[in-house]
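For the record, the sequence lines run as chains A and B.
Take the position in the first sequence, starting the count at 1, then add 71; the result is the number in the working numbering.
Take the position in the second sequence, starting the count at 1, then add 71; the result is the number in the working numbering.
For every residue, glycine included, the Cβ atom is placed at its ideal position computed from N, Cα and C.
Structure record follows, encoded as structure tokens.
There are 2 protein chains.
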Amino acid sequence: MSALRKDPCTGRWVVLEDLWPVRPLEPGACPFCAGNESLTPPEIAAWGSTGRGPNLAGWKVRVVANLRPALRIEEPLARRAERMYDAACGTGAHEIVIETPEHEDRLSQLSREHIALVLSAWAARITDLKRDRRIRAVFVFKNQGVMAGAALPSHAHSQIIGLPVTPKALKEILDGARTHFRIKERCVFCDILREELEDGRRVIETSEHFAAIAPFASRHPFECCILPREHTPDFETTGSDALLDLAGLLKSLLRRLESTLAEPAFNLFLYSGPNRDSRPGYWTTLDQDFHWHIAVLPRPTQVAGFEVGTGFYSNPVSPERAAAELRNGPDWTAQGAGAS
Amino acid sequence: MSALRKDPCTGRWVVLEDLWPVRPLEPGACPFCAGNESLTPPEIAAWGSTGRGPNLAGWKVRVVANLRPALRIEEPLARRAERMYDAACGTGAHEIVIETPEHEDRLSQLSREHIALVLSAWAARITDLKRDRRIRAVFVFKNQGVMAGAALPSHAHSQIIGLPVTPKALKEILDGARTHFRIKERCVFCDILREELEDGRRVIETSEHFAAIAPFASRHPFECCILPREHTPDFETTGSDALLDLAGLLKSLLRRLESTLAEPAFNLFLYSGPNRDSRPGYWTTLDQDFHWHIAVLPRPTQVAGFEVGTGFYSNPVSPERAAAELRNGPDWTAQGAGAS
């Protein structure tokens, strides 16, 4: 049974599960491929099919529970003291978004319309999970490649975690954005967007509704950030036209990374606003101060001890250079940015 | 030229150096081996030899500047605005502690007396670097094994970084300890020590002056923490008897990890108090609220996207189980804990 424990000094929460050594998945058929639907836990939702029963082939994007979830929605939420320490039950959700029925496709190889279905799946699951007041934050991430920590089959998928506590990295962003707003009465991400679009050196690509930039203080080589150009706190409120626009930009960005870095491993994180209903009266200025965004962190280098232990990153590529290389990579003009 | 940049939302500092793609070191003789002293930058200090000129063989532990330092002490300290952002010059120090003249020895294979020389080198360099008021924190770390990010030759070494800003992970610990002290007027680490020694389930080993425990909210499988049993804010004030005692405990702990995990990759971090002179009047209760400690993080699993993006770790081994396995591993009673 998994349990949550809090570090008494830093406040960092950890999920503990006694699963060691991790049993490898049974070799054999890929459970994410079309036709193998019976090998996954029951389907939560599917996209891209009409008139199809659940757990059958014919879908384009499919969401299932994780076979070995770090957290379970069925667990009652109970925070408790464990002598001097703080602990909680492993309440939450851990779902898998299977991005395509085809084993070999990477996300970047799907059509813009197909990627928009993946984004719709993210939005729908976030909306649904946020209906549960015990869930404080919903976090979407994707690990592509072994260096990025992908443990599940290489079949393209992303993961959705609903957490009963605010994870530390999101809390830092929320707190930083709130502090900036208190002092300046402006959203820090709107400030960054205006600055970057004016300056131009770190802009990779823009579309009608979004901008992809290389952040000023990039932690990793070729780190990218996608922001909606209009202030929006929650990803899941994005309309379908804008999702299609985002799908095109994301596809283009991933192809730029692949052409510059030769199919790099990467982590993708979606930071959407936390669930206000889980903490009434707490995030009072969040609609004004928080701005959802996607971070894409290519992992051409191993994160070493220095970075893990200090939270102080050393990055061998300036974001100005990364943006220029991603902007001007081979034949981008010919293929047309954002085209599917 | 390296530069420091601050993320405007989270306050995370990043060192940027345009070094990409990282040029591999010239193949050939290991610059850390005895007899090859001329292949390193000039020696800063050496231990374990008498009547020997600098940069000659005959040392047991040798400290040199990093060939490609992330930071340089010669850079003037200048914080500046860069349009809306915060930046600073790459002032600081980046040194290498070569732990043994022998290429094949791991730290755990050195004698207790030899390991005490390594610890003395850490203490002496911290003391020296803290004399520079521009240096806010000195950080010692060690990466063993490729999974832990070791990039330099496999010859046993640790690294010392002197930083002109407080790195985020240390700031979190300092802030957490300060908050605990404000509320309870007790050091959080003294509380943890008392709790753990009383409870016993997460204690790995104790010596006269130190205790090695598996932290309650361990982020990684078999994570270990070594704390002085008496409240001490700064590692570098440790006397030579206690350093010898610590060397024995560290050797024993590393051998326990190696016997349980089959020569694991690991990161070791030393968190010592920051340089009070660099920020007069700021760390007013630090002598009472901060307690130096060493974290050893074995890296049998890859840190995946979830952990990097959320700061929320999922650990498949409970610290109670980790401590029991490390405590009761093969023939520990026979070899005698702490013996060299």
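When the alpha-carbon of A:P125 is set against those of A:L200, A:V86, A:L148 and A:P113, the nearest one is in A:P113.
Pairing B:A285 with B:E391 gives a Cβ-Cβ distance under 9 Å. Per DSSP, the continuous beta strand (DSSP E) segment holding A:I297 begins and ends at C295 to P299. Within 10 angstroms of the beta-carbon of B:L138 lie fewer than 16 other beta-carbons, which makes it exposed.
Under a 10 Å Cβ-count criterion, A:Y353 is classified as exposed, with fewer than 16 other Cβ atoms of the shown protein chains found around its own Cβ. In this structure, the beta-carbon distance from A:K239 to A:W84 falls below 9 Å. DSSP places A:L341 in the strand class (E or B) of the three-state scheme. Here A:R196 is near A:V168, since their CB atoms are less than 9 Å apart. Secondary structure of A:L241 (DSSP, three-state): helix. Cβ-Cβ distances below 6 Å link B:T111 to P102 and V135 in the same chain, with the five nearest sequence neighbours on each side left out; the list follows chain order. At a beta-carbon threshold of 8 Å, the residues of chain B lying near A:N386 are V85, V86, L87 and E88, ordered along the chain. Going by C-alpha positions, B:E307 is about 8 Å away from B:W193. With a threshold of 9 Å between beta carbons, A:G247 makes contact with chain B. Interface annotation, B:K77: in contact with chain A, CB-CB separation under 9 Å. Considering only B:L357, B:A288, B:N338 and B:L339, the residue with the shortest C-alpha distance to B:N346 is B:L357.
Your pair B:P292 and B:A393 checks out as a contact, with CB atoms roughly 7 Å apart and the cut at 8 Å. In the three-state reduction of the DSSP assignment, B:R265 falls in the helix class, which pools H, G and I.
Setting aside the 5 residues that flank it on each side, B:D305 is surrounded in the same chain by S343, G344 and W363, each with a C-beta closer than 7 Å to its C-beta; the list follows chain order. Rounded to whole angstroms, B:L148 and B:G161 show a C-alpha spacing of 8 Å. Contact residues of the region 248–282 of chain A toward chain B are A248, H251, V259, F260, D262, I263, E266 and D270 (C-beta to C-beta distance below 8 Å).
Residues of chain B with a Cβ closer than 9 Å to the Cβ of A:F306 do not exist, since the nearest Cβ in that chain sits about 14 Å away. For the set A:L317, A:V209 and A:H280, the Cα lying nearest the Cα of A:E184 is the one of A:L317. By alpha-carbon distance to B:L200, the top candidate from B:I144, B:E88 and B:G119 is B:I144. The alpha-carbon of A:A227 is positioned some 16 Å away from that of A:P369.
Against chain A, a Cβ distance below 7 Å from B:S289 picks out V85. With a beta-carbon spacing of about 6 Å, B:L325 and B:L178 fall inside the 8 Å limit used to define contacts.
Secondary structure of B:V85 (DSSP, three-state): strand.
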